[in-house]
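Asks:
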Amino acid sequence: MKWTILCAAALTASLASAATPKARTVIEKSPDVLRPEQLRRSARTLNSMQAFALAPTALAAAAPTDAEVGDADSFGKAVIYLGLGQTMPVILTDDCTGSDPTTERCIVQAAAPALTTFDESALGVMTLPAKATKDLVCFNLTPFINVSWNNGTGAQQTARFNALAVITIDNQVLDDPSLIDPNTGAPFNGSLEVALSTWRNTHSIGAGEFETESSSQSRSCIAGIISKRQLVETYGLTDALAKDFFKKPMTLHFGVRGSVSMSQFTQYFYGIRLFGD
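All residue numbers for the sequence shown refer to this note's numbering, where the first residue is -1 and numbers rise by one.
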């Protein structure tokens, strides 16, 4: 703000700014997305290493670190394809009469304009043998969404849809009751849960309006569904336990969690391909 602006105008702008809540960045809380503190730690380490590299005694052939390449454990290793899975569809509608529970999961939604939440597990499963991958489980995930919005309430409403792909990983290492899940504050009890964001839509819909939208937006791996690094830095396992984690068989259960409003009919499912190193 320039000093030539009148003091009264400056005070008004200052008060308006103070009254307006600051926008907050929303970061997905999953092992696939590095936390800000992990990025800061990597930056500090990289700066230290760059200073060391200028010294005449620095080793030219040192192995890359997380600070340099983001994931030193998988650096230079070949990709191993681990298989694929697909969930059965979740259907949200006004009437589930005739729905076959062996081919779809049907949910009777709340009357408009109320929000309907859903949390469905056991929509698909994949079992990986021991030592299937060394340091991480990566993925390509494609959700398929079809939503028909209909506003018969006689007034303008807000239409919403949000869905997370929820993946539960069973592993014998997590059976130890002394290991505590930082997300729940309770023992892992043999499994941990990863929720990946897939699609969110919020918009106004006028009285009497009808809209249909279909979407399929693929998402690829960043840090992975799970990795040795995240087991140590996010979940608090020792390096030895993190290594042992990948020596054990793993079972992955696929589910979905989300919400929808002003929907006449909604269908959601996703396909996922896994790969490791």
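We put the beta carbon where it would ideally sit given N, CA and C, even for glycine. For clarity, every value in this text was computed on a predicted model and none was experimentally measured.
Going by C-alpha to C-alpha distance, which of GLY269, PRO99, ILE89 sits closest to GLN215?
Replies: GLY269
Asks: Just the Cα atoms here: how many angstroms apart are ARG158 and PRO180?
Replies: 30 Å
Asks: Does the stretch 110 to 121 come close enough to the stretch 73 to 93 to have 3 or more Cβ pairs within less than 8 Å?
Replies: yes
Asks: For LEU134 and GLY222, which I take to be in contact (beta-carbon distance under 8 Å), what is that distance rounded to the nearest angstrom?
Replies: 4 Å
Asks: Three or more C-beta pairs closer than 8 Å, one from the stretch 247 to 262 and one from the stretch 61 to 68: is that the case here?
Replies: no
Asks: Assuming GLY253 contacts ASN160 under a Cβ cut-off of 8 Å, what Cβ separation, rounded to an integer in Å, is found between them?
Replies: Their Cβ separation, rounded to whole angstroms, is 15 Å, which puts GLY253 and ASN160 out of contact at 8 Å.
Asks: Taking C-alpha atoms, which residue in THR210, SER213, TRP197, CYS136 lies nearest to PHE273?
Replies: CYS136
Asks: Could you round the C-beta distance between LYS246 and ASN187 to whole angstroms and report it? I think they count as a contact, below 8 Å.
Replies: No, LYS246 and ASN187 are not in contact; Cβ-Cβ is about 15 Å, not under 8 Å.
Asks: Report the CB separation of LEU190 from LEU162 in whole angstroms; it is logged as a contact under 8 Å.
Replies: That belief does not hold up - the Cβ atoms of LEU190 and LEU162 are roughly 15 Å apart, past 8 Å.
Asks: Checking the sheet assignment: what are the DSSP bridge partners for LEU277?
Replies: What the structure shows of the chain is the stretch from -1 to 275, and residue 277 is not part of that stretch, so it cannot be assessed.
Asks: What are the start and end residues of each continuous alpha helix (DSSP H) run of 4 or more residues lying completely inside the stretch 58 to 103, in chain order?
Replies: 64 to 67
Asks: Within 10 angstroms of its Cβ, does VAL31 collect 16 or more other Cβ (buried), or is it exposed?
Replies: Label assigned to VAL31: exposed.
Asks: Using only CA atoms, which one of THR101, PRO29, THR264 lies nearest to ASN148?
Replies: Here the closest residue by C-alpha is THR264.
Asks: By Cβ distance below 6 Å, which residues in the same chain neighbour GLU102 in space, the five residues on each side in sequence not counted?
Replies: MET86, PRO87, ILE89
Asks: Short check: CB of THR151 to CB of ALA110, under 8 Å?
Replies: yes
Asks: According to DSSP, is LEU52 helix, strand or coil?
Replies: With a pLDDT of only 45 at LEU52, under the threshold of 50, the placement of this residue in the model should not be trusted; the figure read from the coordinates follows. Residue state, collapsed to three classes: coil.
Asks: Nearest-angstrom Cα distance between LEU126 and PRO175?
Replies: 23 Å
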